[in-house]
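Number 15 in our numbering belongs to position 8 of the sequence shown; there are no gaps in the numbering. All remarks here apply to the structure that follows.
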Amino acid sequence: MLFGMTPEKKSKGEKQSATEKSLKSIEKHFSVIEEQIEHGFTRMHARMDDEFEQVSARFEKVERGVRALQTGQDNLYERVEEIHRRTVNLELRVEDVRDTLADIVGAEEKDAEATINHEFRIAHLERLGGIMSAPPPHLVGLE
8 MLFGMTPEKK SKGEKQSATE KSLKSIEKHF SVIEEQIEHG FTRMHARMDD EFEQVSARFE
68 KVERGVRALQ TGQDNLYERV EEIHRRTVNL ELRVEDVRDT LADIVGAEEK DAEATINHEF
128 RIAHLERLGG IMSAPPPHLV GLE
């Protein structure tokens with residue numbers, strides 16, 4: 008309808024035919040759109056399946072890695088426990104050796120002192136008796 012023109016009046020049959028054509032055209036467009044949407048969802052579904060498979064594979068890989076770490080950690084924990092047990096055992100042995108050495112050193116010192124005292128007494132008795140003997144090398148200069 009242009010400026011100042013009156014619309015043409017259509018008959019009832021023409022109106023129905025034009026309406027039917029419009030409805031058929033709309034149905035056709037809706038059908039095309041429906042097919043395109045269906046095709047799009049099918050493609051999207053396939054892509055999502057691929058993505059889910061990739062994510063699932065990655066999760067499985069991560070889970071394997073975590074299990075490997077847990078196994079390694081368990082093994083490490085067992086080894087640390089063994090080292091700790093052996094260290095405690097070694098410390099006890101060192102204490103026993105230290106005590107034994109202290110006893111040996113104490114006894115050796117007493118024996119050495121007794122030996123030196125005994126040698127001094129012998130040397131004193133020899134001088135009193137007029138016996139000249141050479142002093143033992145380890146006692147030279149101690150008189």
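Ideal Cβ positions, reconstructed from N, Cα and C, are used throughout, including at glycine.
Report task. May I have the straight-line CA-CA distance separating glutamate 42 from lysine 31, to the nearest angstrom? Result -> A direct Cα-to-Cα measurement between glutamate 42 and lysine 31 gives close to 16 Å.
Query raised in the report: Is isoleucine 129 helix, strand or coil by DSSP?
Result: When DSSP states are grouped into helix, strand and coil, isoleucine 129 belongs to the helix group.
Query - Assigned secondary structure, isoleucine 33 (DSSP; H/G/I helix, E/B strand, else coil) - result: Reduced to three states, the DSSP call for isoleucine 33 is helix.
Query raised in the report: Any idea what DSSP makes of isoleucine 138, helix, strand or coil?
Result: Three-state DSSP puts isoleucine 138 in coil, outside helix and strand.
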